[in-house]
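Numbered according to the working numbering, the sequence shown spans residues 1 to 137.
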Amino acid sequence: MSRLLVDTGFLVALGRRADPLHNAASGFFRRHAGPLLTVSPVVVETSFFLDARAKLKLLDLVQSGRLKTLELPMAAYGDIAAIIGRYADRDIDFADAALVWLAEQSACRAILTVDLRDFGVYRLKGGKRFEVVKWFS
Numbered sequence: 001m002s003r004l005l006v007d008t009g010f011l012v013a014l015g016r017r018a019d020p021l022h023n024a025a026s027g028f029f030r031r032h033a034g035p036l037l038t039v040s041p042v043v044v045e046t047s048f049f050l051d052a053r054a055k056l057k058l059l060d061l062v063q064s065g066r067l068k069t070l071e072l073p074m075a076a077y078g079d080i081a082a083i084i085g086r087y088a089d090r091d092i093d094f095a096d097a098a099l100v101w102l103a104e105q106s107a108c109r110a111i112l113t114v115d116l117r118d119f120g121v122y123r124l125k126g127g128k129r130f131e132v133v134k135w136f137s
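See the structure below:
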């Protein structure tokens, strides 16, 4: 499997043993050898839901390169603002808008998320849809 975008829900499930999707996230993470890509707002959002130990593990994933995390360049903020404006009726959060931006920049549409409803609606340039990867049942 190739590179995948990663949203907060997958990372929370991976980091919290009590999460109902923890085993599914852990199993998928062990099996997937390709790069996992995200943006720093997703790391920040994820850390809100984790205890200190899990936050440290999350940061280890980033530092090791297993979770490739892009810091947003200044030029991205205008594009992200436009994405937030486009989905104002859905109240898109900053992390999701940043992932839409990353998908447009990287041409990577495959995403690990629990947010099937919103990522089923979001569209990339040219009307392309996200490809939500099935990692839980």
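Think of the CB as a built atom: it goes at the ideal place given N, C-alpha and C, for glycine as much as any other residue.
Quiz item: Does the distance from the CB of glycine 15 to the CB of lysine 57 come in under 8 Å?
Solution: yes
Exercise. Locate the alpha helix (DSSP H) running through leucine 116, then write down its first and last residues.
Key: 116–121
Quiz item: By DSSP, does threonine 8 sit in helix, in strand, or in coil?
Solution: helix
Exercise. Kindly confirm or deny that the stretch 17–26 and the stretch 117–132 touch, where touching means at least three C-beta pairs closer than 8 Å.
Key: no
Quiz prompt | Within 8 Å, strictly: CB atoms of isoleucine 80 and alanine 97 | solution = yes
Quiz prompt | valine 39 beta carbon less than 8 Å from that of leucine 116 | solution = no
Quiz item: Less than 8 Å separating the beta-carbons of threonine 113 and valine 100?
Solution: Threonine 113 places its beta carbon 8 Å or farther from that of valine 100.
Quiz item: Residue range of the beta strand (DSSP E) that valine 133 falls in?
Solution: Segment: none, valine 133 is in no beta strand (DSSP E) and carries neither H nor E.
Quiz item: How would you write the range of the alpha helix (DSSP H) that lysine 68 sits in, first residue to last?
Solution: Here lysine 68 belongs to no alpha helix (DSSP H); instead the beta strand (DSSP E) covers 67–70.
Quiz item: Between the C-alpha atoms of leucine 4 and tyrosine 87, what's the straight-line distance to the nearest angstrom?
Solution: 23 Å
Quiz prompt | Straight-line gap, isoleucine 111 to serine 2 (C-alpha atoms, nearest Å) | solution = 11 Å
Exercise. Go through the stretch 81–121 residue by residue and report every complete run of the alpha helix (DSSP H) that reaches 4 residues or more, in order.
Key: Complete alpha helix (DSSP H) runs here, min 4: 94–106, 116–121.
Quiz prompt | Beta-carbon contacts of alanine 54 that lie in its chain and below 8 Å, excluding the five residues immediately before and after | solution = Gly15, Arg16
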